[in-house]
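Undergrad: Under the UniProt record's numbering, the sequence shown has 166 at position 166, and the numbering climbs by one with no breaks.
Yeah, the Cβ is synthetic: ideal placement off N, Cα and C, and Gly gets one too.
It should be emphasised that the depicted structure is a prediction, and the values quoted were computed from it without experimental measurement.
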Amino acid sequence: MEQLENSELAKQLRCPSGAVGVKVGNIMYSSNSNMIYKTIDRLNFKGGGHILELGFGNGHHLPYLFSKDKDILYDGVEISETMLKEASEFNNDLIKQRKVALSIGDDSGKLAFMDKTFDSCFSINTIYFWEEPSKYFQDIYRVLKSEGQLTLAYIQKDFALKQNFVTDDIFYFHKTEWLIRLMTNIGFYNIEQWQYMENTTNKLGQSVVRPFVVLKGTKL
Ligand SMILES: C[S@@+](CC[C@H](N)C(=O)[O-])C[C@H]1O[C@@H](n2cnc3c(N)ncnc32)[C@H](O)[C@@H]1O
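#1: Counting along the chain, where does the alpha helix (DSSP H) carrying residue 211 start and finish?
#2: Would the C-beta of residue 78 count as close to ligand 1, meaning under 8 Å from any of its heavy atoms?
#3: Which value, in whole angstroms, describes the spacing of the CA atoms of residue 59 and residue 38?
#4: Are the CB atoms of residue 100 and residue 69 nearer to each other than 9 Å?
#5: Quick one, are the C-beta atoms of residue 79 and residue 45 less than 9 Å apart?
#6: Report, in whole angstroms, the separation of the C-beta atoms of residue 86 and residue 24, which I expect to be a contact under 8 Å.
#7: So what does DSSP say about residue 194, is it helix, strand or coil?
#8: Is residue 15 close to ligand 1? I mean its beta-carbon at under 8 Å from any heavy atom of the ligand.
#9: What is the DSSP secondary structure of residue 94, reduced to helix, strand or coil?
#10: Could you work out which residue in 118, 190, 215 and 16 is closest to residue 48 when comparing CA atoms only?
#11: Pull the bridge partners of residue 122 from the DSSP assignment, please.
#12: Is it the case that the segment 133-146 contacts the segment 100-115, given that we only count it when at least three CB pairs across the two stretches are under 8 Å?
#13: Three or more C-beta pairs closer than 8 Å, one from the segment 167-182 and one from the segment 61-68: is that the case here?
#14: For residue 138, which residues from the same chain have a beta carbon less than 7 Å from its beta carbon, with the 5 sequence-adjacent residues on both sides left out?
#15: Identify, in the order they occur along the chain, each residue of the same chain with its Cβ nearer than 7 Å to the Cβ of residue 163, setting aside the five sequence neighbours on each side.
#16: Cutting at 8 Å between CB atoms, please list the residues of its own chain near residue 196, excluding the five before and the five after it.
#17: Indicate the three-state DSSP secondary structure (helix, strand or coil) for residue 76 in the structure shown.
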């Protein structure tokens, strides 16, 4: 990815597109897989729940998700047609079994699901592209069942702002305290956070020690 301009890489991270987008999707998965698995480890599986994910990328993590509970139903929403195609091909069997449904959404924050549909909603490395996270939180709250949980994972703001490809026309980084306040205002309670440090490679292939947070709240 070193050949990509930083601004082009930023756009591709926000919405991978075309042949370059396929490559970006693979790089995202390899550099984020530890973070993705750690986030899935924090989800509560109670046997056969209905799970929503926003921003599933190339969807290579779905076998890990289903290894936690083979009876879940999963809906994934993406804004990238390229990621939708990649994830659909990779998870073809789960889709045929009607355990997985993947769809395209938009970035309005509105979700095309009925009220109180999901037991759990999670989103990893995607909140950076939400100009107004409260819009998303409100609609996620609406589609969660009572006691349903929202789990977010994101790289710490101070670290993220030092990355060369982070341009402020594409990315929005938020402090954990601010996100907790937003979630609390919307009605989430019992908000828990876990902080991690991991060795990984960044999108330019350089080794980095990266701090990330998993934040989880429950709908009243
Ligand atoms: C940086 S990638 C992260 C992918 C994966 N979750 C990971 O951690 O590797 C962000 C993904 O979220 C998608 N995305 C961005 N904004 C979105 C939105 N508003 N709703 C759903 N998906 C979105 C992008 O298309 C992209 O695939």
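TA: Well, looking at it:
#1: The count along the sequence shown starts at 1 and reaches residue 211 at position 211. Note, residue 211: premise wrong, no alpha helix (DSSP H); beta strand (DSSP E) at 207-219.
#2: Within the sequence shown, numbered from 1, the residue matching residue 78 stands at position 78. Answer for residue 78: yes, Cβ within range of ligand 1.
#3: Within the sequence shown, numbered from 1, the residue matching residue 59 stands at position 59. Within the sequence shown, numbered from 1, the residue matching residue 38 stands at position 38. Approximately 16 Å, taken between the alpha carbons.
#4: By one-based count along the sequence shown, residue 100 stands at place 100. By one-based count along the sequence shown, residue 69 stands at place 69. No; because the gap between Cβ atoms is not below 9 Å, this pair is not in contact.
#5: Translated into the one-based positions of the sequence shown, residue 79 becomes position 79. Translated into the one-based positions of the sequence shown, residue 45 becomes position 45. No, Cβ-Cβ distance for residue 79 and residue 45 is not below 9 Å.
#6: As a first step, residue 86 is located in the sequence shown; it is residue number 86 there, counting from the start. As a first step, residue 24 is located in the sequence shown; it is residue number 24 there, counting from the start. 10 Å between Cβ atoms; not a contact.
#7: By one-based count along the sequence shown, residue 194 stands at place 194. In the structure shown, residue 194 sits in a strand (DSSP, three-state: E or B).
#8: Position 15 of the sequence shown, counting from 1, holds the residue named residue 15. Yes, Cβ of residue 15 sits closer than 8 Å to a heavy atom of ligand 1.
#9: For this step, residue 94 is matched to residue 94 along the sequence shown. Three-state DSSP puts residue 94 in a helix.
#10: Within the sequence shown, residue 48 is the residue found at index 48, counting from 1. Each of 118, 190, 215 and 16 was checked against the Cα of residue 48, and the nearest Cα belongs to 118.
#11: Indexing the sequence shown from 1 puts residue 122 at position 122. DSSP lists 53 and 151 as partners of residue 122.
#12: Between the segment 100-115 and the segment 133-146, the count of Cβ pairs shorter than 8 Å is three or higher; the stretches touch.
#13: No, because fewer than three Cβ pairs between the segment 167-182 and the segment 61-68 fall closer than 8 Å, the two stretches do not touch.
#14: As a working note, residue 138 is residue 138 in the sequence shown. Annotation for residue 138: 186 place their beta carbon closer than 7 Å to its own, counting only its chain and skipping 5 residues before and after.
#15: Numbered from its first residue, the sequence shown carries residue 163 at position 163. These residues qualify, in order along the chain: 202.
#16: The count along the sequence shown starts at 1 and reaches residue 196 at position 196. If you ignore the 5 residues before and after residue 196, its C-beta comes within less than 8 Å of the C-beta of 35, 38, 211, 212, 213 and 214, all in its own chain and listed in chain order.
#17: Here residue 76 refers to the residue found at position 76 of the sequence shown. In this structure, residue 76 counts as strand in the three-state DSSP scheme.
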